[in-house]
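Numbering (UniProt numbering), first residue to last: 1 to 157.
In what follows, a single structure is set out as structure tokens and then discussed.
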């Protein structure tokens with residue numbers, strides 16, 4: 001059996017005074033073999049990476065609010081189990097069969113956030129416990145979403 005491992009390497013560029021250095025310590029002018037990114041592209045990557053903090057954040061390109069979810073299907077009831085940097089723990093009262101848990105997750109979040117179901121959609125992770133939910137632009141701010149999740153998490157404990 002052959003195994004293939006793929007890794008994505010992210011480099012952040014830090015500007016300090018007149019010299020610019022990467023987090024690995026190489027100067028900005030040095031390049032890696034096979035790297036076709038320009039210094040301008042690296043700066044954009046660093047800016048984008050800085051925006052993503054915590055499980056709820058705004059996507060820079062579209063302005064939509066993204067929520068990282070750690071789903072726990074097959075629970076007795078729906079609820080928020082915890083809020084961590086990796087994602088918001090959500091227990092779902094539906095089995096992970098034929099997308100039932102995904103449908104229930106979208107319905108639950110729409111009801112919890114007082115939004116239409118059409119404003120809440122599953123972006124990534126349809127067959128994974130790690131999911132990304134998208135809230136349409138202008139529906140809620142990340143701070144509002146986190147406050148609602150915190151309030152719900154304390155009620156479930």
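Glycine is no exception: its CB is placed at the ideal position from the N, C-alpha and C atoms.
Q) Could you give the C-beta distance for residue 110 and residue 71, rounded to a whole number, given that I count them as a contact under 8 angstroms? A) Not a contact, Cβ separation roughly 15 angstroms.
Q. Buried or exposed: where does residue 195 fall if 16 or more other Cβ atoms within 10 Å of its Cβ makes it buried?
A. Outside the modelled stretch of the chain, which goes from 1 to 157, sits residue 195, for which no answer is possible.
(Q) Which of the three DSSP states is assigned to residue 130 in this structure? (A) strand
(Q) Can you find the residues in the same chain that come closer than 6 angstroms, C-beta to C-beta, to residue 74, ignoring five residues on each side of it along the sequence? (A) 95
Q: Could you tell me whether the Cβ atoms of residue 90 and residue 68 are closer together than 8 angstroms?
A: no
Q: Let me know if residue 76 comes out buried or exposed under the rule of 16 or more other beta-carbons within 10 Å of its beta-carbon.
A: exposed
Q.
What would DSSP say about residue 29, mapped onto helix, strand or coil?
A. With a pLDDT of 45 at residue 29, under the threshold of 50, the predicted position of this residue should be treated as unreliable, though the coordinate-derived value follows. Looking at residue 29 - three-state DSSP - the assignment turns out to be coil, as it is neither helix nor strand.
Q.
Can you check which of these residues, 153, 99, 148, 104, is closest to residue 92 by C-alpha distance?
A. 104
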